[in-house]
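Chemist: Per the numbering used here, residue 71 is the first one in the sequence shown, and the count goes up by one each step. For each residue, glycine too, the CB sits at the ideal point set by N, CA and C. Predicted model, so just to flag it, every value in this text is computed and none were measured. So that we are looking at the same thing, I have put the structure below in structure tokens.
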Amino acid sequence: MAPTISVVLPVYNERENLDALVDRLIPALRKTIGESFEVLFIDDGSRDGSADLLDAFHARDRRLKVVHFSRNFGHQAALQAGLDEATGDAVVLMDADLQDPPEVLGRFIEHWQQGHEVVYAVRRRRKEGLVKRAAYAAFYRTMKAMAEIDVPLEAGDFCLLDRRVVDTLVGLPERNRFLRGLRSWVGFRQIGVEYERDARHAGESKYTLRKLLRLALSGYIGFSAMPLRAATWLGFVSASAGFMLAIWAVITKLIDIPSPRGWASTVAIFLLVSGVQLFMLGVVGEYLSRVYDEVRSRPLYIVRSRTGVGDEVAVEEEPPVRRAPRR
Ligand code: UDP
Ligand code: MG
71 MAPTISVVLP
81 VYNERENLDA
91 LVDRLIPALR
101 KTIGESFEVL
111 FIDDGSRDGS
121 ADLLDAFHAR
131 DRRLKVVHFS
141 RNFGHQAALQ
151 AGLDEATGDA
161 VVLMDADLQD
171 PPEVLGRFIE
181 HWQQGHEVVY
191 AVRRRRKEGL
201 VKRAAYAAFY
211 RTMKAMAEID
221 VPLEAGDFCL
231 LDRRVVDTLV
241 GLPERNRFLR
251 GLRSWVGFRQ
261 IGVEYERDAR
271 HAGESKYTLR
281 KLLRLALSGY
291 IGFSAMPLRA
301 ATWLGFVSAS
311 AGFMLAIWAV
321 ITKLIDIPSP
331 RGWASTVAIF
341 LLVSGVQLFM
351 LGVVGEYLSR
361 VYDEVRSRPL
371 YIVRSRTGVG
381 DEVAVEEEPP
391 VRRAPRR
């Protein structure tokens with residue numbers, strides 16, 4: 071049987087983009103892999119009519135399938151659902167707003183056929199605003215410096231994963247998923263492919279600042295204990311400073327050097343030290359909240375309905391294995 075490719079596309083209010091997306095994606099897939107593909111839309115609680123449009127796609131072409139979430143669970147959860155439901159020998163994750171050009175898929179598949187198990191796209195240039203670009207640059211660089219794994223710079227979620235990598239990722243129990251970090255963490259033979267990230271085809275970014283911050287925090291906290299360790303260092307530095315200051319105060323008193331005995335310095339030190347403490351308490355709280363989240367172990371997402379997923383008449387004798395929803 072020819073190897074099959076699953077393309078996973080998280081969709082959150084992308085009505086204006088879907089037609090253009092399918093018109094470019096299907097020919098790109100046909101050109102490289104022939105007819106053995108499936109396209110898995112994960113409707114992440116869209117409220118703009120995207121859901122009906124996606125179901126209509128399935129009515130036209132049965133290889134286009136949809137998983138509808140019961141509400142908006144976020145991009146990373148949608149990607150995870152895609153990995154859970156995809157059946158292909160390789161799975162491609164990409165955005166539904168045409169920022170990830172479907173024409174790059176050909177190069178992905180080439181590398182995969184040459185034996186790479188993870189092919190990820192590296193952005194050559196971003197087409198976002200200056201502030202957002204600066205924030206991204208700061209994030210990827212600090213992440214690289216702090217993380218215990220080697221996270222490639224400027225690599226987003228756009229990638230191709232071999233079946234073995236998909237199964238590994240699906241098996242990982244953690245809930246706060248920073249997929250591009252986990253993808254580096256699992257190893258296998260990886261290769262980066264440079265591409266030009268286009269501007270969004272239509273509409274606004276669906277990543278609010280809050281969602282972006284959450285994602286960034288998942289990255290830091292999921293892959294580094296550095297913020298926690300910083301507490302030790304900050305505490306050490308401020309304690310030493312306090313100690314030396316105390317010695318200085320004693321000496322000036324003993325040998326009678328006139329020195330200012332001000333309020334200002336006392337208050338400044340007090341503010342500094344309590345500020346550091348509060349900040350570090352926040353860091354600890356951030357880890358704690360993640361731990362709490364993991365312990366509660368609610369599912370990552372809830373599926374309202376599926377269109378076309380799991381419909382295949384099984385060719386083998388065995389009934390197709392239905393993957394249970396994660397925990
Ligand atoms: N998305 C999603 N759920 C969300 C936010 C975004 O499924 O809560 C999808 C969105 O429809 C798009 C992809 O994730 O296909 C990337 O989002 P977006 O383009 O808004 O992010 P940006 O490219 O600005 O980082
Ligand atoms: Mg986008």
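Between G115, A286, L79 and Q150, which lies nearest to K202 when the distance is taken from Cα to Cα?
Modeler: Within the sequence shown, the letter at position 132 stands for residue 202. Minimum Cα distance to K202 is reached at A286.
Chemist: Cβ atoms of D227 and A160: under 8 Å apart, would you say?
Modeler: Counting from one through the sequence shown, the residue named residue 160 turns up at place 90. Counting from one through the sequence shown, the residue named residue 227 turns up at place 157. Against a cut-off of 8 Å, the Cβ pair of D227 and A160 comes out as no contact.
Chemist: Sorry if obvious, but does the Cβ on Q146 come closer than 7 Å to a heavy atom of the ligand MG?
Modeler: Taking the first residue of the sequence shown as position 1, residue 146 is located at position 76. Not so, every heavy atom of the ligand MG lies at least 7 Å from the Cβ.
Chemist: Suppose you measure from the CA of A166 to the CA of P97; what does that come to, to the nearest Å?
Modeler: Indexing the sequence shown from 1 puts residue 166 at position 96. Indexing the sequence shown from 1 puts residue 97 at position 27. Taking the straight line from one Cα to the other gives about 16 Å.
Chemist: What ranges does the beta strand (DSSP E) occupy inside the region 185-217, keeping only unbroken runs of at least 3 residues that lie completely in it?
Modeler: 188-193
Chemist: Exposed or buried, what is L200 when buried is set at 16 or more other beta-carbons lying within 10 Å of its beta-carbon?
Modeler: Position 130 of the sequence shown holds residue 200. Its Cβ having fewer than 16 others within 10 Å, L200 is exposed.
Chemist: Classify V385 as helix, strand or coil using the three-state DSSP reduction.
Modeler: Within the sequence shown, residue 385 is the residue found at index 315, counting from 1. Since pLDDT at V385 reaches only 44, below the 50 mark, its modelled position is unreliable, and the value read off the structure follows with that caveat. Of the three classes helix, strand and coil, the one that applies to V385 here is coil, per DSSP.
Chemist: Would you call the region 349-367 in contact with the region 102-110, where contact means no fewer than 3 C-beta pairs closer than 8 Å?
Modeler: no
Chemist: Write down the C-beta distance between L168 and N87 rounded to the nearest angstrom, noting that I regard them as a contact closer than 8 Å.
Modeler: Within the sequence shown, the letter at position 98 stands for residue 168. Within the sequence shown, the letter at position 17 stands for residue 87. So it is a contact: roughly 6 Å between Cβ atoms.
Chemist: Please specify which runs of the alpha helix (DSSP H), each continuous and at least 4 residues long, are wholly inside the region 147-184, giving them in chain order.
Modeler: Uninterrupted alpha helix (DSSP H) stretches at least 4 residues long and entirely within the region 147-184 occur at 175-183, given in chain order.
Chemist: Give, in chain order, every unbroken run of the alpha helix (DSSP H) that is at least 4 residues long and sits entirely within the region 295-367.
Modeler: 296-324 and 333-366
Chemist: Give every residue of the same chain whose Cβ lies closer than 6 Å to the Cβ of D118, excluding the five residues on either side of it in the sequence, and list them in chain order.
Modeler: Position 48 of the sequence shown, counted from the first residue, corresponds to residue 118. Correct list, in chain order: N83 and R85.
Chemist: Which full runs of the alpha helix (DSSP H) of 4+ residues lie inside the region 74-157, going along the chain?
Modeler: Whole alpha helix (DSSP H) segments, 4+ residues: 85-103, 120-130 and 145-155.
Chemist: Using DSSP's beta-bridge definition, name the partner residues of A225.
Modeler: As a first step, residue 225 is located in the sequence shown; it is residue number 155 there, counting from the start. Beta-bridge pairing links A225 to V192.
Chemist: Could you tell me which residues DSSP pairs with L231 in its beta bridges?
Modeler: Here residue 231 refers to the residue found at position 161 when the sequence shown is read from its first residue. DSSP, once it has assigned bridges, lists V161 and V188 as partnering L231.
Chemist: Measure the C-alpha to C-alpha separation of V78 and S275 and round it to an integer number of angstroms.
Modeler: The count along the sequence shown starts at 1 and reaches residue 78 at position 8. The count along the sequence shown starts at 1 and reaches residue 275 at position 205. Taking the straight line from one Cα to the other gives about 18 Å.
Chemist: Quick check on this structure: which residue in G241, L298 and F293 has the alpha carbon closest to the alpha carbon of F439?
Modeler: With the chain covering only 71 through 397, there is no way to say anything about residue 439.
Chemist: Assuming K135 and V379 make a contact with CB atoms under 8 Å, what is their CB distance in whole Å?
Modeler: Here residue 135 corresponds to residue number 65 of the sequence shown, with the count starting at 1. Here residue 379 corresponds to residue number 309 of the sequence shown, with the count starting at 1. Correct: roughly 5 Å between the Cβ atoms.
Chemist: Applying the 10 Å Cβ sphere with the 16-neighbour rule, what's the burial state of T377?
Modeler: Locating residue 377 in the sequence shown gives position 307, counting from the first residue. Sixteen is the threshold: when 16 or more other Cβ atoms of the shown chains lie within 10 Å of the Cβ of T377, as they do, the residue is buried.
Chemist: With a 10 Å radius around its C-beta and 16 neighbouring C-beta atoms as the bar for buried, classify I75 as buried or exposed.
Modeler: Counting from 1 along the sequence shown, the entry for residue 75 is found at position 5. Counting Cβ neighbours within 10 Å, I75 comes out buried, since at least 16 surround it.
Chemist: So, helix, strand or coil for R376, using DSSP?
Modeler: Locating residue 376 in the sequence shown gives position 306, where the first residue counts as 1. Correct three-state label for R376: strand.
Chemist: Closer than 8 Å is the cut-off here; do at least three beta carbon pairs connect the region 180-194 with the region 261-277?
Modeler: Touching, yes.
Chemist: Let me know the secondary structure DSSP gives I261 once reduced to three states.
Modeler: The residue you call residue 261 lines up with position 191 of the sequence shown. Reduced to three states, the DSSP call for I261 is strand.
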